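Taking it in order: structure first as structure tokens, then the write-up.
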Amino acid sequence: MATKEINNKSFKGISVLAASRIYKEIYASGSTAILYKDTEGIYASSVLDILALGADENSKIKVIVYGDDEEKILQNVSEILMDGAGI
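Numbering (the working numbering), first residue to last: 6 to 92.
Shown next, in the form of structure tokens:
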């Protein structure tokens, strides 16, 4: 299990592009990830689930990853959230 709290910097919150990149990163690895905003948590099992989290600009998001290469996946997801997927 790898855990990290991230401050989402994107002015749009988690966009469809960012959610898609996060989902692809997790799905390709075969790992499981849980994203928390405040006290609400979701499994990152689909793009819609990630969007439903409702994370807006400067939201604190806690990411927990279970599976192989946890640290690498956590780092990649962190970069997507901090960068806003380049938007």
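For glycine and all other residues, C-beta sits at the position ideal for the given N, C-alpha and C. Nothing here was measured: the structure is a model prediction, and the numbers come from that model.
Assigned exposure category for residue i - 16 Cβ within 10 Å defines buried
| i | result |
| --- | --- |
| LEU40 | buried |
| GLY46 | exposed |
| SER51 | exposed |
| TYR32 | exposed |
Cutoff 6 Å; reference residue i; Cβ partners in own chain excluding five residues on either side
| i | result |
| --- | --- |
| THR8 | ILE69 |
| LEU58 | LEU40, LYS42 and ILE47 |
| ASP61 | GLY18 |
As assigned by DSSP and simplified to three states, the class of residue i
| i | result |
| --- | --- |
| LEU58 | coil |
| ALA49 | coil |
| ASN12 | strand |
| LYS77 | helix |
Proximal residues to residue i (C-beta, below 8 Å), its chain only, five neighbours per side dropped
| i | result |
| --- | --- |
| SER83 | LYS9, ILE11 and VAL68 |
Rounded distance between the beta-carbons of residue j and residue i, thought under 8 Å
| i | j | result |
| --- | --- | --- |
| ILE78 | SER25 | That belief does not hold up - the Cβ atoms of ILE78 and SER25 are roughly 16 Å apart, past 8 Å. |
| GLY72 | THR37 | 6 Å |
Proximal residues to residue i (C-beta, below 7 Å), its chain only, five neighbours per side dropped
| i | result |
| --- | --- |
| TYR28 | ALA49, SER51, VAL52 and ILE55 |
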